[in-house]
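Colleague: Counting from 877, one number per residue, gives the positions in the sequence shown under our numbering.
Glycine included, every Cβ here is placed at the ideal spot set by N, Cα and C.
Just dropping this structure here.
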Amino acid sequence: MQPKNICNVFGNNIAYLREGKGEPVILIHGITTYSFIWRNIIPLLSTNYDVIAIDLLGCGDSDKPLDVDYSIKSQANIIVEFIKKLNLGKTHIVAHDIGGGIAQI
Numbered sequence: 877m878q879p880k881n882i883c884n885v886f887g888n889n890i891a892y893l894r895e896g897k898g899e900p901v902i903l904i905h906g907i908t909t910y911s912f913i914w915r916n917i918i919p920l921l922s923t924n925y926d927v928i929a930i931d932l933l934g935c936g937d938s939d940k941p942l943d944v945d946y947s948i949k950s951q952a953n954i955i956v957e958f959i960k961k962l963n964l965g966k967t968h969i970v971a972h973d974i975g976g977g978i979a980q981i
């Protein structure tokens, strides 16, 4: 896998892996995990898609500020802004655990 990239969203650094070409697919992990959970899925999807595995705020290599709202709604807002900053447009989302709640908002 490639080294992680960083995107600054609302003043916080969000780490993500990106591999492949095609329509964008964002992979959103669950609680107590990070993008590493997708390590076996990324190579399979990246043959046909632009796969982006994000580390949610407070997880993995993303910033872990003490004075930030970590609610599902706040994480969803970060994902929306992340999509805008990367100019992804229409994006597929695959989510696990609490990532499913984030994806639904």
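So the candidates are Val956, Lys966, Lys940 and Asp931; which of them puts its Cα closest to the Cα of Tyr925?
Modeller: Lys966
Colleague: Going by beta carbon distance, what residues of the same chain come within less than 8 Å of Asp939, once the five residues before and after it are set aside?
Modeller: Asn888, Asn889, Ile890 and Leu933
Colleague: Have a look at Ile882 and Tyr910 and give me their C-alpha separation to the nearest angstrom.
Modeller: Using only the alpha carbons, I get a separation of about 14 Å.
Colleague: Within the same chain, show all residues whose beta-carbon is closer than 7 Å to that of Gly906, passing over the 5 residues directly before and after it, in chain order.
Modeller: These residues qualify, in order along the chain: His972, Asp973, Ile974 and Gly975.
Colleague: Quick check: Ile955 and Ile913, are their CB atoms within less than 8 Å of each other?
Modeller: no
Colleague: In angstroms, rounded to a whole number, what distance separates the CA positions of Asn963 and Ala952?
Modeller: Roughly 17 Å between the two C-alpha positions.
Colleague: What number of angstroms, rounded off, separates the C-alpha of Asn884 from the C-alpha of Ile917?
Modeller: 25 Å
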